[in-house]
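First the structure, in the form of structure tokens, and then the observations on it.
Protein chains in written order, with my numbering: chain W, 1 to 614; chain L, 1001 to 1585.
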């Protein structure tokens, strides 16, 4: 998509608002024509050259009246502008966010979240500015045409001699401004480095203090600051030089008019009023040309912004907003319908269903009885990280209904990668996944509740109440939440929070300990009544007692649910129906713990590494 | 309140100015000269135009007209050059002074104790060290000169108008006062809405950020619709606030339009009256018109300067507060710790983060070279005990001694090179592998780092690094597995030479096999060093000579490990049994 068609599509999103906005702003830009004429008339009336017979008082009240009219139009213009640009910017953000949430979860964004946020903010803002300024360009062009016409009628020769060279000077300077982007990029980068350095210094403050490295770290920070000063100064010097060309063009132009108009004024064919009008329009013309330059800059930036947003989308173009695209309203099979997704109205539900039909995966409207997990077969499952080439290869897996399977293996053997690839959180390179013998085409959309639920190795909690963090929009019917809290061994911790489930957690609330966060994520998974529970390293931050309780309750409360677990805890391994030992991304050996203890040396080492002394 | 508060804040400004700006005196003086020159030029130009118009209207020779025009152009060009130089100088000045302040703030902040860092998020510190200092940039560079310069320009214009005619001078003086007042008044209504908009914006990007990090959880638990609904909810709250904020901005613009239309109207009325009386020339009428237009600039400038000052005011208060925060932990007089395994002694130590004591009457002795296993449930005070040893906090009562020296007598730097801490939180900083191992300490030779990495079983990982020790690591350790990160943290300790090592759940993220491999490395690390191992798993304290069990901040059991294990009534042996049961289940 070219930058122009990108802009065109954004305009087309709300054409009514855009056209209305353009009309109002054209009026705002055209209006300064009149005060110029009034000023001319004022001087001419004094020197007796006036074309009309308007007295000083009439002119004065016209001037004020016109200012009031323009003010009213400005108010209107701001309302139309904010309405148009807000809708357009948020459309972009919605589409990007919506798309990201459809990507394989573990590879949803190409870079760091911090980077992605800056795209969400700055790149969308720049697109917004460019589209919004296109309106101004139109208005300014209208002004230029009308004012030129008026000036040409007064004195064609003078208009040509003064305005032409000035316009050329400003346009040339403006073109040079676009070259500024190199400096701009450098200064932005050095600023980012400084912010990053602060965030890191204070994020790792304990490590720095432990290492006694305060002074060394600050020295480095001071160096980064000085680099920023240098690059910003270059940027500023360029900007200022060009900026002063614009601001002083009026003075230069005035000088030129003086130089040329001397004998004409003496001759009476060029009045003081004409002179004032020339100077007056000159101010606006130079201002408008520099505004035009601003638009060009924004347009150029928009093409960069578009590229970056496209990178973030990893392929797809910005699409038309499909409003209220909730993934809600799933009906459950009878008996399991204790939880209902939180759809705010029927339309949302309908559109959610329609949305699903468009996906290639099976339709997720409700879950029919034959979708109940009887067996899950995986063969040849492969994923390699493009950066390192490591990953998992040729994984074969068979899960029966109600079974408990543990994946174990040393650090870096691919345990997490395995479950992520299975669940479609990473895009598989090869392999087949069969749910009750039927092929799963789009794992990412397929492995969601009520089929499966998942808790990640490092769970993410959001700044919200504990309740919302667990439910994530579900409705709690029939004590489901309470049971999940019990199984996840959270009730004890809840008693210590003054506001219980309504305690706000996250950066602006109570900070949970590592173990509490893990158990909250477990509750988040368990509250979803699923056929298959997948949990990654659930107990790494728990103390012995809590961990024992957790495993006991999990085994006791899970009912018929099937579990796939990443763990190297004996408590889990000993209870498992089946254990897979991974090594370098492949299944090295599998069986029950008992069999493996007999057969596998590396399993014995994993086993005895835990609790080796007890 | 007014008067005392104001005097005080002027005092603050003066203090900051003298500390950071006065050292740059010569740049400051140069800048002032440039700006005053530029003001002079701005005042002269309209006089040239008046001369021009009046001469053109008369019968005098045309020749001076050309000189006047050329003079006007020449002055304009000079003014352009002057203003560019002035901006450059003031910008440079601003960055130099604020960079010094940034560095000082960062250094100060890094030295503050943990109770400060616990109660301030990294985000809020960025806001202070960068955001608030940015708000001060203008204050440091050009505030006084710009404010003074523009006031002078305004005063100059009014004086020159008084020189023409008392009536027009007085009229314009009234106009200026009125304009400043009205613009300030409107601003009072416009500003709070902007603040609100910024707040809701911050909330919006906070929301986006969290959900960009949590895609895995959202996706696999079917919460995509929930997230989008929250997104729509935020949007419907944002539009009205943004509209209001924009209207506030429109109000400021509209006020300027109306105020200056009124100004022009008044100038027209007065000059028309004077012209008709015959007391001024047509050139003077134009001069009055020109000066009225020229007045817009200083009024706007003064407005933005005052705005900046108000912003700077809040920032300055926050910065001073940060600089004024004294670390509760201060350097001792500088007693030396022995360069050998350190004996550890807690003498009746009581400590709490709030009124509730977290540690209560702890008495503990560890001979040089011994290993202590510290057990207890989450929240029993184990980690707090470790923090006291590094003086992240000082005990409320009692004292902590290392090698017989009360640690409050030591310099903090000295203490922290002798006591090493490895926690389960790995802090990977943006930078090369080398930076992460040494924290920019250039005195550590490469061979030693590589040796340590190999010793810890990171040899293979090291060999896979494309640029060796110079390979950059992403912030937060994205490119490392959790286990590799933890091994790296161990490597940091190996590179220093501590007399006491504290391992706080240091291997909880490692799988048993890797942990096993690490054991050998730990053996080496602990040879000829004292050690405190904090654990909630029994296997970890296998190598301990002594065991201490904490419960709610008190020692409930302590003794040699072997003796406790052999005593069937001890808690330790009961824990061992529970652990074994767990294994057998």
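All C-beta atoms in this analysis are idealised placements derived from N, C-alpha and C, irrespective of residue type, glycine included.
- DSSP lists L/1364 and L/1400 as the bridge partner or partners of residue 1346 of chain L.
- Taking a beta-carbon distance threshold of 7 Å, residue 1088 of chain L counts as an interface residue toward chain W.
- Counting only the Cα atoms, residue 1408 of chain L lies some 48 Å from residue 417 of chain W.
- With respect to chain W, the C-beta atom of residue 1103 of chain L has a partner C-beta closer than 7 Å.
- When C-beta distances to chain L are compared with 9 Å, every residue of the region 373-386 of chain W stays at or above that value.
- Taking a C-beta distance under 7 Å as the contact criterion, residue 225 of chain W and residue 1102 of chain L qualify as a contact pair.
- Of the candidates L/1317, L/1336, L/1525 and L/1464, L/1525 places its Cα closest to the Cα of residue 1420 of chain L.
- At a beta-carbon threshold of 9 Å, the residues of chain W lying near residue 1441 of chain L are 211, 213 and 216, ordered along the chain.
- Here residue 449 of chain W has 528 and 530 as same chain residues with Cβ atoms under 6 Å from its own Cβ, once five neighbours each way along the sequence are excluded.
- Straight-line measurement puts the Cα of residue 301 of chain W at about 55 Å from the Cα of residue 589 of chain W.
- Closest by C-alpha distance to residue 1452 of chain L, out of L/1495, L/1139 and L/1304, is L/1495.
- Below 8 Å, enough C-beta pairs join the region 2-12 of chain W and the region 290-310 of chain W to call them touching: three or more.
- Taking the C-beta atoms as reference points, residue 82 of chain W is found nearer than 7 Å to residue 1242 of chain L.
- In the three-state DSSP reduction, residue 1559 of chain L falls in the strand class (E or B).
- Around the C-beta of residue 477 of chain W, fewer than 16 other C-beta atoms lie within 10 Å, and the residue is accordingly described as exposed.
- For residue 1315 of chain L, there are no neighbours in chain W by C-beta distance under 9 Å, as the nearest C-beta there is about 15 Å away.
- In the three-state DSSP reduction, residue 535 of chain W falls in the strand class (E or B).
- Under the three-state reduction of DSSP, residue 64 of chain W is assigned to helix.
- What residue 1275 of chain L touches in chain W, judged by beta-carbon distance under 9 Å, is 46, going in chain order.
- At a cut-off of 7 Å, the C-beta of residue 286 of chain W has no neighbouring C-beta in chain L.
- In the assembly as shown, residue 1528 of chain L is an exposed residue. Its beta-carbon has fewer than 16 other beta-carbons within 10 Å.
- Flagged as an interface residue toward chain L: residue 199 of chain W, by a C-beta distance shorter than 7 Å.
- A distance of 7 Å or more separates the beta carbons of residue 170 of chain W and residue 297 of chain W.
- Contact check for residue 30 of chain W against residue 142 of chain W passes: the beta carbons are separated by less than 7 Å.
- Nearest Cα to residue 1515 of chain L within the set W/111, W/597, W/173 and W/607: W/607.
- Among the residues facing chain L, residue 593 of chain W is not included, as its CB has no counterpart in that chain under 7 Å away.
- Close CB contacts of residue 1038 of chain L within its chain, under the 7 Å cut and outside five residues either way in sequence, are with 1079, 1082, 1083 and 1086 (chain order).
- Chain order gives the chain L residues near residue 248 of chain W as 1076, 1077, 1079, 1080 and 1083, where near means a beta carbon separation below 9 Å.
- The alpha-carbon separation between residue 1521 of chain L and residue 1110 of chain L amounts to approximately 31 Å.
- When DSSP states are grouped into helix, strand and coil, residue 448 of chain W belongs to the coil group.
- For residue 390 of chain W, no beta strand (DSSP E) encloses it, and the DSSP letter there is neither H nor E.
- For the 7 Å CB-CB criterion, residue 1072 of chain L and residue 1048 of chain L form a contact.
- Going by beta carbons, residue 146 of chain W and residue 22 of chain W fall outside the 7 Å limit.
- Only residues of its own chain outside the window of five on either side were considered, and among them 1102, 1105, 1106 and 1109 have a CB closer than 8 Å to the CB of residue 1129 of chain L, listed in chain order.
- Of the candidates W/566, W/256 and W/546, the residue whose Cα lies closest to the Cα of residue 164 of chain W is W/256.
- A distance below 6 Å between beta-carbons, with the five flanking residues on each side excluded, links residue 313 of chain W to the following residues of its chain, in chain order: 99.
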